[in-house]
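Residues in the sequence shown are numbered consecutively from 0, following numbering that gives the first Met the number 0.
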Amino acid sequence: MADGQSVNEGADDPTTYATAVGAVEPLEDEPVAPVEQHVRRRRRGWLVTGRVFLGLVSAVALAAMTLVYLRVDELDQSKNTTDAVAQAQAGPHAPVVQDEGDGANDILIVGNDSRTDMQGRPLSAKVLRELRTEATETTNTDTLILLRIPENGGRTSAVSIPRDTSVRVEERDRDEKINGVFGITKALAMERMVNGGEKDRAKINRESDDEGRTSLIQAVQGLTGVRVDHYVEVSLYGFYLLTQAIDGVDVCLNHSTSDPDSGASFRRGPQTVRGGDAVSFVRQRKNLPRGDLDRIVRQQVFLSSAMQKVLSGDLLTNNTKLNALEEAVSKTMIMDGGLHFLDLVGLAQTMSSGSVQFVTIPVEAVGARNDRQQSIIVVDQGKVHAFVESLLAPAGQQQPSGMPAGHSDGTADDGTAPVGYAGTSPGVHGGTAPAGYGGTAPAGYVAQPTVPCVD
């Protein structure tokens, strides 16, 4: 997709946007069969009254949507931006990927656990307690979703990348877990700036964050084989504020579960999570049957449910909630300059309509160990490239994901011992051999209007 092109064509017109999210369109006269003509005469007064009523509803809906459009425009004026996408394409370590014209607009959505705001200021001790975490210099990107939006109007795919996926980081000349690429690059940049005499802590955080983003985008591009067109990042604090602003997100669990490390303590069944509970819901991976892979499913369901809540009539017509949402976005979200909030509204509408398929990249081994004894997920880059590319094909021609059936502790579902990974990556050993590239993806589902129950 060409730079600067809108994700949601026609969305810049508030009238078009109002119609897109459900405003009632004016009724048009249609030919009436002869046997119905007498009914039409008798009910003309009712029809006129009905049309006046529908016209009033349309006017109110249009006014509400115009208000939202204006608020979105205000957000665009004050949004936090990054040029990491452009830097990733021009940098010395930019991987060779499919360029413009691959038939899709690709948006990388990142959730990080940074303990600073988007201006580089440290979060207060009070906020950290509410987030059920503590101060740390490290930054991990535990949520990575690549949105593939076909330019031909086909179904959008949300491709999740497991946090422990092993990828090549050229700056380090070695493999790293993909959730650490941002933080590793950021730490190197901070060290360089401090050694160079920079003393402005906020500036150090901002500029090192951008270097981390650039490296992460390059890693995702190398892994998937596609060029990232746009970038959206939400911080840990953002999850907290956004769920507070929209008065919680509806989720459902198959079983009661708890995890002291993330602060998770949830009962079985449907429930609404907000604030600290929402953060724990998307962060928990211990005491889940498949660890991080089950967390991915939670994140996918959470995102779909949140989008439905954002587009609900209650939120769009509630000025107090819109103010809270605007404040949350300005404090905790950053995106590239070529992406606009109206584009995000269009994406939210797509997600809430049930027309997005959530999938996970194919993996070869879970619970393997690298030469530093870190637990990693091993992938075949060629298979990942083929899978991601196939998402633009008609539904019957898409390749299945390789989401494994085994558990995060390295055992298969049948309780057998882990088998050695017969790949070629140096320093990698152990791990569960999943069902394989032709396996079925438990996390691959289409977003539904109702919230599915997950582990």
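Note that CB positions come from ideal geometry on N, CA and C, so glycine has one too.
Supposed contact pair residue j and residue i - C-beta distance, whole angstroms, cut 8 Å
i, j, result
"residue 161", "residue 291", "6 Å"
"residue 156", "residue 143", "Not quite, the Cβ-Cβ distance comes to about 14 Å (not below 8 Å), so this is no contact."
"residue 227", "residue 87", "7 Å"
"residue 138", "residue 182", "4 Å"
"residue 325", "residue 120", "No, residue 325 and residue 120 are not in contact; Cβ-Cβ is about 19 Å, not under 8 Å."
"residue 354", "residue 154", "6 Å"
Boundaries (first-last residue) of the alpha helix (DSSP H) holding residue i
i, result
"residue 241", "235-244"
"residue 331", "318-331"
"residue 275", "274-282"
"residue 300", "291-309"
"residue 194", "180-194"
"residue 213", "200-223"
"residue 88", "83-89"
"residue 124", "124-129"
"residue 381", "380-389"
Rounded straight-line distance, which links the Cα of residue j to that of residue i
i, j, result
"residue 24", "residue 308", "At residue 24, the pLDDT of 37 sits below 50, so the modelled position is not reliable; the number obtained from the coordinates is stated separately. If you take the alpha carbons of residue 24 and residue 308, they lie about 23 Å apart."
"residue 268", "residue 259", "20 Å"
"residue 256", "residue 263", "7 Å"
"residue 319", "residue 345", "22 Å"
"residue 330", "residue 194", "29 Å"
"residue 187", "residue 84", "20 Å"
"residue 214", "residue 322", "34 Å"
"residue 243", "residue 341", "22 Å"
"residue 457", "residue 192", "Limits of the chain in this structure are 0 at one end and 454 at the other, which puts residue 457 out of reach."
"residue 382", "residue 250", "32 Å"
"residue 204", "residue 180", "16 Å"
"residue 216", "residue 252", "32 Å"
"residue 91", "residue 293", "36 Å"
"residue 371", "residue 176", "11 Å"
"residue 110", "residue 200", "22 Å"
"residue 317", "residue 280", "26 Å"
"residue 208", "residue 115", "10 Å"
6 Å Cβ shell around residue i - same chain, five flanking residues per side excluded
i, result
"residue 45", "Confidence at residue 45 is low in this model, with a pLDDT of 43, below 50, so the placement of that residue is unreliable and no value is reported for it."
"residue 241", "327"
"residue 384", "224"
"residue 117", "79 and 333"
"residue 454", "253, 287, 288 and 293"
"residue 283", "258, 261 and 263"
Same chain only: Cβ atoms within 7 Å of residue i, ignoring 5 sequence neighbours per side
i, result
"residue 374", "163, 366 and 368"
"residue 167", "174 and 221"
"residue 112", "138, 139, 141 and 235"
"residue 237", "327, 331 and 332"
Residue span of the beta strand (DSSP E) that contains residue i, given as start and end
i, result
"residue 175", "173-176"
"residue 110", "103-111"
"residue 356", "355-359"
"residue 264", "263-265"
"residue 251", "248-252"
Beta-carbon spacing of residue i, residue j below 7 Å
i, j, result
"residue 275", "residue 80", "no"
"residue 359", "residue 295", "yes"
"residue 299", "residue 357", "yes"
"residue 303", "residue 248", "no"
"residue 278", "residue 239", "yes"
"residue 165", "residue 377", "yes"
"residue 184", "residue 210", "yes"
Cβ-based neighbour list, residue i, same chain, cut-off 8 Å, excluding 5 preceding and 5 following
i, result
"residue 285", "258, 260 and 261"
"residue 102", "149, 150, 151 and 391"
"residue 338", "6, 106, 229, 230 and 231"
"residue 77", "329"
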